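Residue numbers (the working numbering): 431 to 597.
Ideal Cβ placement from N, Cα and C applies to all residues, glycine included.
Computed from a predicted structure; not experimentally measured.
I have placed the structure first, in the form of structure tokens, so that the comments after it can refer back to it.
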């Protein structure tokens, strides 16, 4: 009997060495190139950016150990119940819709945020995480440069004479 392949997570996590590769960092040549890079990298490294933001939030909660533990439990439930499942959740023989799980987890998270009174802390942490993700995405050249809509511009930059033919 053939075994089935392991389920793939809903949010893929790319290798951290690839994410932190300093040789892939360069200045974008224009604003449109920066927006192209941000778009491509946010799609490709979405799992890494989520974990980076999660780490920034946890670091900001170090001064409140009980709140940190509560949010670690809530984060683990988000990861298990919503982000890493590829099959529907079954409870007492019934399939639970993802919207119900999303609503339940959101409600629990909001109640915990209200009870812990960490709104401003969370807002600052998420803002820092978003800025870090956008800066990384803008400066990291995507892997698929040959499929870039700016290929002609990039070839001109690579060659001192450009990509011209004699007339």
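{"Query": "Beta-carbon gap between residue 570 and residue 471 smaller than 9 Å", "Result": "yes"}
{"Query": "Cβ distance (whole Å) where residue 479 is taken to contact residue 563 below 8 Å", "Result": "4 Å"}
{"Query": "Three-state class that DSSP yields for residue 484 in the structure shown", "Result": "helix"}
{"Query": "Residues bridged to residue 520 [DSSP beta-bridge criterion]", "Result": "525"}
{"Query": "Chain-order list of residues whose beta-carbon lies under 8 Å from that of residue 512 (same chain, five-residue window excluded)", "Result": "440, 528, 531, 532, 535"}
{"Query": "Buried or exposed by the 16-neighbour rule on C-beta atoms within 10 Å, applied to residue 565", "Result": "exposed"}
{"Query": "The stretch 495–505 contacting the stretch 542–558, beta-carbon criterion three pairs below 8 Å", "Result": "yes"}
{"Query": "Inter-residue spacing [alpha-carbon to alpha-carbon] between residue 450 and residue 519", "Result": "34 Å"}
{"Query": "Local conformation of residue 455 per DSSP, three classes", "Result": "strand"}
{"Query": "Strand pairing of residue 602, partner residues [DSSP]", "Result": "Since the first residue shown for the chain is 431 and the last is 597, residue 602 is missing from the structure and cannot be characterised."}
{"Query": "Endpoints, the alpha helix (DSSP H) within which residue 503 is located", "Result": "495–508"}
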